[in-house]
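Chemist:
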Amino acid sequence: MKKYIKHLFLSTIILASLSSCEVEEFSDLNNAEVDAFEGNLTRGDLQDLVGGVFYSSRVAMGTYLDDCGVIGRDYWRFSGSDPRFTNDLLGGGNSVLDNNTFYITNPWAGRYRTVKNANLILGFLDSQDLSAQFTTAEINGTKGLLKTFVAYELLLNLNLTDEEGIRVDVSDASNLGEFVSKAAALTAIQTLLSEGATDLANGGASDFPFSLIPSGFNDFNTPATFLLANKAIAARVAMYRNDPTAVLSLLGESFMSLDGADLNKGIYYNFSESGTDIVNPLFISLDGTSASQARVVHPQFLLDAEANDNRVASKTASFGADITLDDLTGDTVLNLYQSNSDAIPIIRNEELILLYAEANITVNPAEAVTALNTIRTSAGLSAYTGAMDPDSLVAEMLNQRRYSLFGEGHRWIDVRRYGLLNTLPIDRTDADGNPDDVWANFPIPLTENQ
Amino acid sequence: MKQKNFKNRMILFITLILPCVLFAQSTITGTVNDKLGDSVPFVNVIEKGTTNGTTTDMEGNFSLSVDNLPVVVVISSIGYNTVEITYSSVSPQSILLSESAEALEEVVVTGLASSIKRTNSANAVASLSAAEIVGTTPPATLDGALYGKFAGAIVNSNSGAPGGGLSVKLRGATSLQGNIQPLYIIDGVYVDNSSISAGLNAVSGAANGGSASSQDNPTNRIADINPEDIANIEILKGASAAAIYGSRAAAGVIIITTKRGKSGETKFKFSQSTGWNEAINLLGTRDYTEARVLESFGADAAAAFVAGQANGTLVDYEDEIFGEKGIISNTNFSMSGGDEKTRFFAGVTHNNESGIVLNTGYEKTSLRLNLDHKAKDWLKFSLSSNYINSSSDRGFFNNDNTGTTIGVALTATRPWDNLLPVDGIYPDHPNNSSNPLQTRDLVRNNEKVNRLIMGGSMNLDIYKNDNSDLELILRGGLDTYGQQSRAFFPKALQFQTPVNGGLNGVSVQGDTQTKNYNLSAFLVHKYRTDSDITLRSQLGITNEFFDTNSALINSSGLVASESNVDQAANTGVNQTRLKQEDSGFFVQEEVNFQDKLIATVGVRGDKSSNNGDANKLNYYPKASLAVNLNEFGFWNEDSKWNQFKLRAAYGEAGNFPPNAALFTSYNSFSTEGVLGISLTGVRGDANLKSERQKELEFGVDVAFFDNMLDFSGTYYIKTVDDLILNSALPPSSGFTSEFVNAGELQNKGIELALNATPISNDNFQWDLGVNWFKNTSEITRLDVEPFNVGGFGATLGTFRIEEGSSATQIVGIGPNPGVNGFELHGDSEPDFQMGLNNNFKYKNIDLSVLWQWKKGGDNVNLTALLTDLNGTSHDYDTIDLDPEGQLGNGPYRVSQLGVSADAFVEDASYLRMRELGIYYNITSEMLGGLLGGGIDNIKLGFSGSNLINIFDYNSYDPEVSNFGGGTIFTGVEVTPFPSSKRYLFHVAVNF
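Here the protein sequences line up with chains A and B, keeping their order. At position 279 of the first sequence (counting the first as 1) the number is 406 in my numbering, and the numbers step up by one without a gap. At position 535 of the second sequence (counting the first as 1) the number is 544 in my numbering, and the numbers step up by one without a gap.
Written out as structure tokens, the structure reads:
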């Protein structure tokens, strides 16, 4: 029995020593947690957080631009591995835009992700006493930049869903604001831009409290200069709201230069081939183009172009042979970008001059023509000789926008603004006699539960 | 029954001799040994027809007082054949027990440290012997051995690439977002079965457009385990049997026991299998004519086609790529032996097989050493150790968004395209962004694994007497491996050259270090009353640690043909760490009332760092009852009934939230070199609970005709509560999803198994096994909005989680949508599955055939659509889909895009001859004096797997999964690696 007791004693010790283990709790071993910034935001943290806004503002922008470019019949997107570009987006046969497919869900989520990234930073800035880390001006400048981003991201989503509206109040993820109408959304975006402008104006003469800013913002990397970009975006929004007076006044405070010397001045999305970055999503080299991977310029774009318009030559390239997919055939491809790291414009001077022309059609037609001629001249065309009535000028203005802003996501929105969607070319009719469709807007994504 | 028969005779006998021996109280003694001369302790010694009995001590000795002589005692012990010994006098007898032939099948697991006779088990626990695992044909990987052999498991191969990639799902849908693969335990060691992606997404962009889950199709690591080493596999299919494994057991537990040595003469075994594999079903090219080519591809193509036809230069590129015969060679050598105190089993296996695509293949070397040592009568140690080195080349397949994988490239390839290399220079594909021959020849996608699995245990008898004993068992296990993945896309590739928009070469290197270990201690107390009631109590504690650190280095812009990632223009690094610590205890009480009623109750308590509250104990109870009606004496001794058992079991088990589910986090990125952190898109919840599975199973087991025919039927209801859902959040929240406990899922199923030996005589034996099972699942509660999951959107067919519907329903757009806006197009759940196993033995010839039939179950087949869009489908011009009989199948499917997903959802039924083996045994008598009679036997044979495949599915194989095995949403097909059949010739020598 003594032996047993010894064994029993031994085993009890072993059991007891094992059972006393407490289980260790681990935090997220792979990623920074949101909670980590809620109590103690440092300058280094702010740099990283704002860097995230720059990053996510580009996520799925390729899809956004393809959405606008394909429905606006700037070009067709051929993809051997995804038939929906040539089917759903063009309304081939009976197909309709699905509310749970990448062409709407990805850009929509990407934009709201950026809004959330920015809103979280705004929350961190508001909820803690940061006087030891940042000056008031630095905080104001940062807020102004973030609000401008939020407003712009909301605008892009509204561009997709248009009359279906968007959510504007999304700061509380558990308690989202209702969808608001297009008009209300535009008003809210305008208000947010103007709040941002005020913040930027209070941002002092110094730099942002984060020094690393992508080169696409090179001329706009201080609160004072970023304000010029804010005003430019606000001018676009004002034009969408049909408020020419506001457009002209905002353009006056923006970086617009009417002489046409630097049409490309503006803010840009940057890309690179780094493993953590995104490559330019619109770049397909000529040699890499095939029926399974191409952006084929819509033949009507080439047919409608005035002779010698140098924009056609610079923005497109002949493939040298027909490329066919899904009953669509073209021989010219998009040639806006020359490498994976080329920047894509957010807003640039050429658009501002065109906005200036557009706003002046009703306010000062002669000034409108002057501005349009600036664009025509730079495109190698002679001065405008057409009629001066508003309809003719609108047609000319839309035409210049079509060629100047080709592939930059404007055409579809422009013709929609003027009720001219029915003028876009229809390419195909299926065996049952169903023609392609020109969609007015995307459905609200399924998961918004509307 | 037999006892009664004997009892009658005994009564007669006793009556006759009664006068002589009346009141002659005597004590009989004896020693029980096995065939190897080892003493056998704890053997039951019972005076026949009475309850008077004892057990042998550690030395195998017993003594028993009997009222009179002569007397018959029944000597029995689990794992041995029962014998009856007549004592006519008190002189000691030496009794020899032979091991029961069915010893392995006879015992099933009931506790972490105990097992029970199968005839007393209350659960339908499936078990497979070594003969069933590798006896007919050696499987390519261990999980491949589970096909069709027992009811309740759906084994699915995700791709045909060499080196595995299988998923095993037990009893239907276990979880929607959590783990669905069973827990593997080998000799007490928790064995990792991860699938670690090689980072191919960097090139394929597969996860960019649609579903974000992995489409790289890596090997699952259970493929490392060598099937030849296995003595026995037991499968606990659901919580009712697996509750003792607590919080990791919801998907079932597969318990593997490896071979161990036997004392005695050292035995050697050498075997060699050589053969090849080839594609099961290639589709062929479209039936091109000049007119068709002209219509689909234009005048230039038509001219090229005509010229190619005239010159005989048209190439069947499918055959060019998938038409190889891959050589297979498996070499196995093992030895076992030992003495009374120490026994060993040692084995080495080398497998080398090439795939049906050039530059794919799998090579594995596995070493095993198992030791058992009996230090004292009351102290035993055992050690299992296994070292594995494997290397697999898996090629570049499956979905992509860049036209670069071999499969996607093939869909765009026409016979007149000139892709063949000239002097090592591959022409660019005229119709696609990659040349599949170039991709095949230049791309490398290799996984290398170095793995060590070790388990040790100690059994210590604390005390022992006639009717009770107490044992302490300590166990420890370690599973550690390093996996290297190397994906190399040289800059010479068509899609890598910068002029084609390429990244100028991509090299992705992954390194994963995994270290898992587990410790446990148990006390087992056995007590038997005089009225033959056995009580067995167990108390144990367990502790498990899991640590995985994975780094993926992704570089592009390579210098020259250098694959070194620091010789690159751009480098990105991705590190993933997983750590988990679990700790728990376990108590169980088993009561066996004279083998008539066997009841078990138990509970496991578990805590885990993976729960929101790490130190809170979660309890998983179990209870079961088996009633052996045949033991009650209802049948007379001539009855054909050998067994009639009713059983019921209930148990609960858990399933952890996915690792990241507890946190709301950022991921880091960059913009032109400016670092930034952006939300991951998943809103975490620190209070998330584990999923809880509650399973109730009922069954009946019957056996007749001396067990020549037995039948087992089981019905189960498996309910998963607190279902963790990656519920879609309105994306305007900035998140796309959050993990919530928000639903309940129920599976109901029937499993039937029949085993029979219709013919058995000296020359000929026929054994037959049939299993049939069916499962239906239903989402019984859903607290979030119904959502689509696991496919490529409603246009192409997607799974949808909806209250009241099957968990695996496939919906999509269509002309007749239901109230949810979608039309129901199918369900990936089969109507039923059936396995039929026949073994014929005629003299020295063995023939085994295993058929498997999967009836119903749908796939989303996008391979056909992708070929249609390129005008290259093999059935492009066949007219049998269009209800109006107008369009060819190709144009018809394309016309359905955006109209209905029905054309892409296909029935994935199949009937296969899974295994065929025919062997000839040359016995030592036949060999005569060859090598001095040292050869025990030689076995020669031929075997094959998947030799006959019957299905109506329009692709290589209905058994496929683009998204791998980690999800119940399998059966989505996008240009996979085609599956293959294997032919093998065998020679095995035992000496």
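For glycine and all other residues, C-beta sits at the position ideal for the given N, C-alpha and C. Keep in mind it's a predicted model, so treat the numbers as computed, not measured.
1) Return helix, strand or coil for L429 of chain A, following the three-state DSSP convention.
2) Within its chain, find whatever has a CB closer than 7 Å to the CB of W566 of chain A; leave out the 5 residues flanking it on each side and keep chain order.
3) By a C-beta neighbour count over all protein chains shown, 10 Å radius and 16 as the cutoff for buried, is N1003 of chain B buried or exposed?
4) Might you give, ordered along the chain, the residues of its own chain that have their beta carbon closer than 6 Å to the beta carbon of L27 of chain B, omitting 5 neighbours on each side?
5) Mind checking if P234 of chain A is an interface residue toward chain B, Cβ cutoff 7 Å exclusive?
6) Against chain B, with Cβ distances strictly below 7 Å, would N345 of chain A count as a contact?
7) Work out the CA separation of P350 of chain A and F972 of chain B for me, nearest whole Å.
8) Check for me: the beta strand (DSSP E) holding D889 of chain B runs from which residue to which?
9) Residue ranges of each beta strand (DSSP E) run of no fewer than 3 residues wholly in the stretch 127-198 of chain B, ordered along the chain?
10) For T876 of chain B, which of B:E327, B:S393 and B:T557 has the nearest alpha-carbon?
11) Answer yes if the stretch 201-208 of chain A comes into contact with the stretch 416-433 of chain A, meaning at least three C-beta pairs across the two stretches below 8 Å, and no otherwise.
12) If the cut-off is 7 Å on Cβ atoms, which residues from the stretch 885-910 of chain B count as contacting chain A, listed in chain order?
13) Could you please give the first and the last residue of the uninterrupted beta strand (DSSP E) stretch that includes S463 of chain B?
14) Taking a cut of 7 Å between CB atoms, which residues from the stretch 413-426 of chain A lie near chain B?
15) Taking C-beta pairs closer than 7 Å, name the residues in chain A that G802 of chain B reaches, listed in chain order.
16) Going straight from the alpha carbon of F504 of chain B to that of G237 of chain A, what length do you get?
17) Where DSSP assigns a beta bridge to Q480 of chain B, which residues make up the other side?
18) What does K243 of chain A touch in chain B if you count any residue whose Cβ is under 8 Å from its own?
19) Would you call the stretch 279-299 of chain B and the stretch 334-342 of chain B in contact, with 3 or more CB pairs under 8 Å?
20) What are the start and end residues of each continuous alpha helix (DSSP H) run of 4 or more residues lying completely inside the stretch 387-430 of chain B, in chain order?
21) Rounded to whole angstroms, what's the CA-CA distance from G161 of chain B to L684 of chain B? Just pull it up for me.
22) For A362 of chain A, which residues from the same chain have a beta carbon less than 7 Å from its beta carbon, with the 5 sequence-adjacent residues on both sides left out?
23) Just the chain A side, please: which residues come within less than 8 Å of Q584 of chain B by C-beta, in chain order?
24) Which of the three DSSP states is assigned to M935 of chain B in this structure?
25) Go ahead and pull the three-state DSSP assignment for Q577 of chain A.
26) Are D731 of chain B and K698 of chain B touching if we call contact CB-CB under 7 Å?
27) Determine the burial state of G899 of chain B: buried for a count of at least 16 other Cβ atoms within 10 Å of its Cβ, exposed for fewer.
28) Mind pulling the beta strand (DSSP E) runs of 3 or more residues that sit fully within the stretch 180-211 of chain A?
29) Beta-carbon within less than 6 Å of K948 of chain B's beta-carbon, same chain only, minus the 5 sequence neighbours each way: which residues are those?
30) Would F678 of chain B pass as an interface residue toward chain A - the criterion being a Cβ-Cβ separation below 7 Å?
31) Measure the C-alpha to C-alpha separation of F531 of chain B and Q702 of chain B and round it to an integer number of angstroms.
32) G880 of chain B: beta carbon under 6 Å from a heavy atom of the ligand NAP?
33) Mind pulling the chain A residues with CB within less than 7 Å of T673 of chain B?
34) Given that K616 of chain B touches chain A, what residues does it touch there, using C-beta distances under 9 Å?
35) For S677 of chain B and L761 of chain B, what's the separation of their Cα atoms in angstroms?
36) Could you tell me the distance, in whole angstroms, from the CA atom of V200 of chain B to the CA atom of Y193 of chain B?
Modeler: For this structure:
1) Secondary structure at L429 of chain A: helix, using DSSP grouped into helix, strand and coil.
2) I198, G218 and L224.
3) Chain B is shown only over 10 to 1000; residue 1003 of chain B falls outside these bounds and no answer can be derived.
4) Residue placement at L27 of chain B is poorly supported in this model, since its pLDDT is 43, which falls under 50; the coordinates still yield a value, given next. In the same chain as L27 of chain B, and ignoring 5 residues on each side of it, no C-beta atom comes closer than 6 Å to its own.
5) At least 7 Å separates the CB of P234 of chain A from every CB of chain B.
6) Answer no: the Cβ-Cβ gap between N345 of chain A and chain B never drops below 7 Å.
7) Going from the Cα of F972 of chain B to the Cα of P350 of chain A covers about 47 Å.
8) D889 of chain B -> no beta strand (DSSP E), and no H or E assigned at all.
9) 135-138, 162-166, 175-179 and 192-195, all fully within the stretch 127-198 of chain B.
10) It is B:E327 whose Cα lies nearest to the Cα of T876 of chain B.
11) Segments in contact, yes.
12) For the stretch 885-910 of chain B, residues whose beta-carbon sits nearer than 7 Å to a beta-carbon of chain A comprise S904, L906, G907 and V908.
13) Going by the sequence as given, residue 463 of chain B is Met instead of Ser. Unbroken beta strand (DSSP E) run through M463 of chain B: R453 to K473.
14) Residues passing the 7 Å Cβ filter: D414, G415, S417, A418, S419 and Q420.
15) Result: D225, N227 and T228.
16) If you take the alpha carbons of F504 of chain B and G237 of chain A, they lie about 27 Å apart.
17) This sequence places Glu at residue 480 of chain B; Gln is not what is there. Per DSSP, B:D470 and B:V533.
18) Under the 8 Å cutoff, chain B gives L688, S742, G743 and F744.
19) Pairwise C-beta distances place the stretch 279-299 of chain B in contact with the stretch 334-342 of chain B, as three or more of them are shorter than 8 Å.
20) Listed in chain order, the alpha helix (DSSP H) runs fully inside the stretch 387-430 of chain B are 415-420, counting runs of at least 4 residues.
21) Cα to Cα, G161 of chain B sits roughly 50 Å from L684 of chain B.
22) Same-chain partners within the cutoff: V374, L377, L378, S381, L479 and L482.
23) Simply N157.
24) In this structure, M935 of chain B counts as helix in the three-state DSSP scheme.
25) DSSP places Q577 of chain A in coil when its eight states are reduced to three.
26) The Cβ-Cβ distance between D731 of chain B and K698 of chain B falls below 7 Å.
27) Classification of G899 of chain B: buried, given that the 10 Å Cβ count is 16 or more.
28) As far as the stretch 180-211 of chain A is concerned, its whole beta strand (DSSP E) runs of at least 3 residues are 202-206.
29) Y928, N930 and A997.
30) Interface residue, yes.
31) Straight-line Cα distance between these residues: approximately 25 Å.
32) Absent from the structure shown: the ligand NAP. Ligands present: none.
33) What T673 of chain B touches in chain A: E160 and V161.
34) Residues of chain A passing the Cβ test: E149 and V150.
35) Per the coordinates, the alpha-carbon of S677 of chain B lies some 52 Å from the alpha-carbon of L761 of chain B.
36) Roughly 5 Å separates the two Cα atoms.
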